[in-house]
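Novice:
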Amino acid sequence: MTDIEVFDDDIGKRLDVFLSEREDITRAFAQKLIEEGNVLICGEPKSKNYKIRKNDSVCVEYPPPQNCDAVPEDIPIDIVYEDDDIIVVNKARGMVVHPAAGNYSGTLVNALMFHRADSLSDIGGIIRPGIVHRIDKDTSGLLVVAKNNDAHLSLSEQIKEHKVSRIYHAIAIGRIKEDLTLDYPIGRSSADRKKMAVTDKNSKNAVTHVEILENFADTTYIKCILETGRTHQIRVHLSYIGHPLLGDEVYGSTRSVQNRKYMRDSGQCLHAAELELTHPRTGERMKFSCPLPEYFSDVLEILRRKNEV
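According to my numbering, the residues represented by the sequence shown are 162 to 470, in order.
(1) For residue 405 and residue 385, what's the separation of their Cα atoms in angstroms?
(2) Smallest Cα separation from residue 174: which of 201, 430, 209, 362?
(3) Assuming residue 258 and residue 241 make a contact with CB atoms under 8 Å, what is their CB distance in whole Å?
(4) Could you work out which residue in 344, 331, 450 is closest to residue 460 when comparing CA atoms only?
(5) So, do the region 337-346 and the region 357-374 have three or more beta carbon pairs nearer to each other than 8 Å?
(6) What span of residues does the beta strand (DSSP E) with residue 448 cover, start to end?
(7) Using CA atoms only, rank isn't needed, just tell me which of 395, 200, 403, 306 is closest to residue 246.
(8) According to DSSP, is residue 182 helix, strand or coil?
(9) Give me the residue from 284, 293, 185 with the minimum Cα distance to residue 303.
(10) In this structure, how does DSSP classify residue 231 when only helix, strand and coil are distinguished?
(11) What does the Cβ neighbour count give for residue 184, buried or exposed, with the cut at 16 atoms within 10 Å?
(12) Does residue 164 come out as helix, strand or coil in the three-state DSSP assignment?
(13) What is the DSSP secondary structure of residue 375, reduced to helix, strand or coil?
(14) What's the call for residue 323, buried or exposed, on a 16-neighbour Cβ count within 10 Å?
(15) Going by alpha carbons, who is nearest to residue 191 out of 453, 204, 169, 211?
(16) If you drop the 5 nearest sequence neighbours on each side, which residues of the same chain put their C-beta closer than 7 Å to that of residue 181?
(17) Considering only the alpha carbon of each residue, which of 467, 462, 454 lies closest to residue 251?
(18) Rounded to the nearest angstrom, what separates residue 171 and residue 214 at their Cα positions?
(19) I'd like the list of long-range same chain contacts for residue 370, defined as Cβ closer than 6 Å, with 5 residues on each side in sequence excluded.
(20) Short of 6 Å in beta carbon distance, which residues of its chain neighbour residue 335, apart from the five on each side in sequence? Order them along the chain.
(21) In angstroms with no decimal places, state the Cα-to-Cα distance between residue 216 and residue 444.
(22) Give me the Cβ distance between residue 458 and residue 434, rounded to the nearest whole Å; I'm assuming they're in contact under 8 Å.
(23) Here's a check: name, in chain order, each residue in its chain whose Cβ is nearer than 6 Å to the Cβ of residue 409, leaving out the five neighbours to either side.
(24) Less than 8 Å between the C-beta atoms of residue 275 and residue 234, yes or no?
(25) Alpha carbon to alpha carbon, how far is residue 357 from residue 289? Give it in angstroms, no decimals.
(26) Please list the terminal residues of the continuous alpha helix (DSSP H) segment that includes residue 296.
(27) Near residue 299, which residues of its chain fall below 7 Å by C-beta distance, leaving aside the five closest residues on each side in sequence?
(28) Would you kindly report the start and end of the unbroken alpha helix (DSSP H) that includes residue 254?
(29) According to DSSP, simplified to helix, strand and coil, what is residue 349?
(30) So, helix, strand or coil for residue 313, using DSSP?
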């Protein structure tokens, strides 16, 4: 069962609308879950047009995805490091980490099931074997996968206690003049429940340290060091200070001058370049890195050439 917290601005919404917005699923799928008794309000099933009330306890149980445990896919993955306990993967941009409603194939999990089906932790269940943390579909770079439950628990605790270091490289729109520490709480957007936003309402603290790597005429190549790991944290923080990621179609403007000039088919410029953690068995501190992907390097080269003119 997944518990969903009810916020003040959820009160009065139809149950199917509430579920669709909060769980990022289609309204039809939300209605199907409700009709099949997989959604409980204070322990009892309700109809799809039930209106959410203050202090409601909302729980949803997702049925096992059809054939999810039988669809390993022969998808190439870039394994940076592997031993008996962990796998460090350099995820390609455009790849979803694990299956979700309406998206059961082509994910990193499908690829891992093909390559390592007999050696992944099962704490995350059949749709998230080995998955300890995620990076966005349109973000490339490093993430660690657990090969057994002891490793999974250790890595999860390290992430919870902010003992896993994650460093991203990004290109932001506009010139950032100095290194920054962005300390702004992040929670669900009240305007669009599928998005996150800087808000003091029902939020969690979020801290991103920004270091300038290169300045260009109208963009900045930066390093982002995460002190916390909230959903969409870098994208939300940069957008909030007026410097959204180049190519971010959710938190930035695809009609911006910079996006029209540089992006074309390149996509979002955000790459998880460095990962540091403590090995769950040996206690050794381990640091991994991976180079910028071609799409990212190509944009940098365009910016550098233009800067020389």
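Each residue gets a CB set at the ideal place from its N, CA and C atoms; glycine is no exception.
Specialist: Looking at the coordinates:
(1) Roughly 13 Å between the two C-alpha positions.
(2) 209
(3) With 8 Å as the limit, residue 258 and residue 241 do not qualify as a contact, their Cβ atoms being about 16 Å apart.
(4) 331
(5) yes
(6) 446-450
(7) When the alpha-carbon of residue 246 is set against those of 395, 200, 403, 306, the nearest one is in 306.
(8) helix
(9) 293
(10) In this prediction, residue 231 scores a pLDDT of 39, lower than 50, which makes its location untrustworthy; the coordinate-derived value is nonetheless stated afterwards. Residue 231 falls in the helix class under three-state DSSP.
(11) buried
(12) Three-state result, residue 164: strand.
(13) When secondary structure is reduced to three states using DSSP, residue 375 falls in the strand class.
(14) exposed
(15) 211
(16) 187, 188, 191
(17) 454
(18) Using only the alpha carbons, I get a separation of about 8 Å.
(19) 342, 386
(20) 404
(21) 44 Å
(22) Not really, about 12 Å apart at Cβ, beyond 8 Å.
(23) 396, 429
(24) yes
(25) 23 Å
(26) Note, residue 296: premise wrong, no alpha helix (DSSP H); not H, not E.
(27) The beta carbon of residue 299 is closer than 7 Å to those of 254, 255, 428, 429 in its chain, skipping five residues each way along the sequence.
(28) Neither: residue 254 is in no alpha helix (DSSP H) and is coded neither H nor E.
(29) strand
(30) helix
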